[in-house]
Amino acid sequence: MTRALSIALMTVAVFTGTRGYAADIASLAWTESNLDVLRTFDKAAVEDFVNTMVDDGMHATVGEFAWIDLAGDERYELATRQDLSGRAYFDYLAVYWRSPAGKVTRDWIEGVDLPSLDKIVRDLDGDGKDELIVPSALDRHDPRGYPGYPPRVWPKVYRLRNGHYVDASAEYAAFYDNEVLPTLEQAIEQARRDVSGKPGEGPAHEAAQRQLLVLEQARDKIAGLLGRPTPTH
Numbered sequence: 291m292t293r294a295l296s297i298a299l300m301t302v303a304v305f306t307g308t309r310g311y312a313a314d315i316a317s318l319a320w321t322e323s324n325l326d327v328l329r330t331f332d333k334a335a336v337e338d339f340v341n342t343m344v345d346d347g348m349h350a351t352v353g354e355f356a357w358i359d360l361a362g363d364e365r366y367e368l369a370t371r372q373d374l375s376g377r378a379y380f381d382y383l384a385v386y387w388r389s390p391a392g393k394v395t396r397d398w399i400e401g402v403d404l405p406s407l408d409k410i411v412r413d414l415d416g417d418g419k420d421e422l423i424v425p426s427a428l429d430r431h432d433p434r435g436y437p438g439y440p441p442r443v444w445p446k447v448y449r450l451r452n453g454h455y456v457d458a459s460a461e462y463a464a465f466y467d468n469e470v471l472p473t474l475e476q477a478i479e480q481a482r483r484d485v486s487g488k489p490g491e492g493p494a495h496e497a498a499q500r501q502l503l504v505l506e507q508a509r510d511k512i513a514g515l516l517g518r519p520t521p522t523h
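In the working numbering, each number is its position in the sequence shown, counted from 1, plus 290.
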């Protein structure tokens, strides 16, 4: 069978109903030679596929997906942002791997209000392998913030280790120093000006104080992660 005919047949499969989507994606080698075919699968096909990978009674809605050579080895992985709540809270990043033998595994990372994949997937250290930058909860409290509070998040960095992603934030001091902390410090200074410019106990003053508190908590989280003294507030 020619490659062109293979692509044509796979394209027909995509648009002839959801049955077979999961089997089609899982059975195809996720390699450079099949990339054109992989890209014929639409969101409905990918969503059908990811929901066959688990049997926990929950339905995942796919908000965005991409085929990416994350490891720089000319094999492709399926990266997806997913919602499990039914309320369009795309808080989960799931990366699917297919081995040469055809076994599909998944890396599952919980975050908070994930941005687009092009902001998540980056090669931070220039080694040809992509890291994942995932906005994550500062602690176990509601990361979306209590009423009147901004989201309580900070960016975690995940790197590839033994074929799967692990939290390696402490290894990326340069990323935090160059990209995260300067922006946080600017936001903290602005929040302090907002607090001083809104004296009293009114709603505006309280909102400014809450914003300042959350920003300082994020900065302190990163400082602790990098083994540095907590800045004096």
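Positions of the beta carbon are idealized from the N, C-alpha and C atoms, including for glycine.
| Query | Result |
| --- | --- |
| Report the residue from Arg509, Arg482, Ala508, Asp314 whose alpha carbon sits nearest the alpha carbon of Glu496. | Arg482 |
| Excluding sequence positions up to five away, which residues of its chain have a Cβ less than 8 Å from the Cβ of Arg309? | Because Arg309 carries a pLDDT of 42, less than 50, the predicted location of this residue cannot be relied on, and no value is offered for it. |
| Which residues bound the beta strand (DSSP E) around Phe355? | 351 to 358 |
| Just to confirm, are Tyr382 and Leu404 a CB contact at a threshold of 9 Å? | yes |
| Ala303 to Ala313, Cα distance in whole Å? | At Ala303 the pLDDT is 38, less than 50, meaning the model places this residue with poor confidence and gives no usable figure here. |
| Who does Ile423 pair with in a DSSP beta bridge? | Val447 |
| What three-state label does DSSP hand Arg509 in the structure shown? | helix |
| Look at the alpha carbon of Leu414 and the alpha carbon of Val424, and state the distance between them as a whole number of angstroms. | 13 Å |
| In whole angstroms, give me the CA-to-CA distance for Tyr448 and Trp398. | 11 Å |
| What's the C-alpha gap between His537 and Val443? | Residue coverage of the chain in this structure runs from 291 to 523, which leaves residue 537 outside it and unanswerable. |
| Less than 6 Å between C-beta atoms, sequence neighbours within five positions excluded: which residues of the same chain meet that for Lys511? | Leu428, Trp444 |
| I believe Arg365 touches Trp320 by the beta-carbon criterion, under 8 Å. Please report the beta-carbon distance rounded to the nearest angstrom. | 6 Å |
| Could you tell me the distance, in whole angstroms, from the CA atom of Ser459 to the CA atom of Lys393? | 29 Å |
| If you draw a straight line from the alpha carbon of Pro440 to that of Met343, how long is it in whole angstroms? | 34 Å |
| Just tell me which of Val327, Glu367, Arg377, Asp359 has its CA closest to the CA of Thr351. | Arg377 |
| Under a three-way DSSP split, which group does Glu364 fall into? | coil |
| Determine the closest residue to Ala391 out of Gln480, Phe339, Leu318, Asp484, with distance taken between C-alpha atoms. | Leu318 |
| To which residues of the same chain is His349 closer than 7 Å at the C-beta, ignoring the five residues directly before and after it? | Asn341 |
| Taking the CB atoms as reference points, tell me whether Phe339 and Leu368 lie closer together than 9 Å. | yes |
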